[in-house]
Every structure is written in structure tokens, then in C-alpha cells.
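Asks: Residue numbering for the sequence shown follows my numbering, beginning at 9 and increasing consecutively.
Can you read through this structure? Questions will come right after.
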Amino acid sequence: LDRLRADRDSLLSLLDKFERQLVEIQSNVRVLTEERNLLNDQLNQVINSPRFAENVTERAHWLSNLQCIPTVLLTR
């Protein structure tokens with residue numbers, strides 16, 4: 009009976025550890041998603057700015073490089 013209690017306590021401890029790790033991962037995902045969205049907004053502002061649009065060659069270069077970025081990184 010003592011062995012079963014020890015096993016139960018060990019499993020509960022492990023479950024608590026996994027739950028804490030899950031919360032940390034979820035928090036990290038939220039932070040990274042916010043950073044991605046902010047960078048995406050900043051990139052769109054730069055691409056659509058009049059100064060950037062003046063240099064057609066530079067704009068074409070940037071847009072061709074953006075095609076290399078997976079769509080999942082640029083979408084919300």
C-alpha cells in the first residue's frame with residue numbers, strides 16, 4: 009500500500025511538472041505570436057511607405073525575398 013501511495017505521489021508530481029511546462033510553452037507562444045504580428049505590421053508599413061515605393065528596384069528585391077518566407081510566418 010505504501011508503494012502505491014509513493015507511485016501515486018510521484019505521478020502527481022510529474023503531472024504538476026508537465027502542467028507548469030505547458031503553461032510556460034503557452035506563454036512563450038503568445039509572446040512569439042505578438043512579436044511576429046508586430047514585425048509583420050512594421051514590414052507592411054515599410055513596404056507600403058512612399059519612400060520605399062520610390063525605389064522600384066529595391067521594392068522588387070524585397071518583395072522577391074518575402075516570397076522565401078513561409079506564409080505561416082506572415083499570417084495571423
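Positions of the beta carbon are idealized from the N, C-alpha and C atoms, including for glycine.
Measure the C-alpha to C-alpha separation of serine 72 and threonine 65 and round it to an integer number of angstroms.
Replies: Going from the Cα of serine 72 to the Cα of threonine 65 covers about 11 Å.
Asks: Just verifying my parser: in three-state terms, what is the DSSP assignment at leucine 57?
Replies: Residue identity differs from the one stated: residue 57 is serine in this sequence, not leucine. Here serine 57 sits in coil by DSSP.
Asks: Using a Cβ-Cβ cutoff of less than 6 Å, which residues in the same chain neighbour phenylalanine 26 once the five nearest sequence positions on both sides are dropped?
Replies: Hits under 6 Å: none found.
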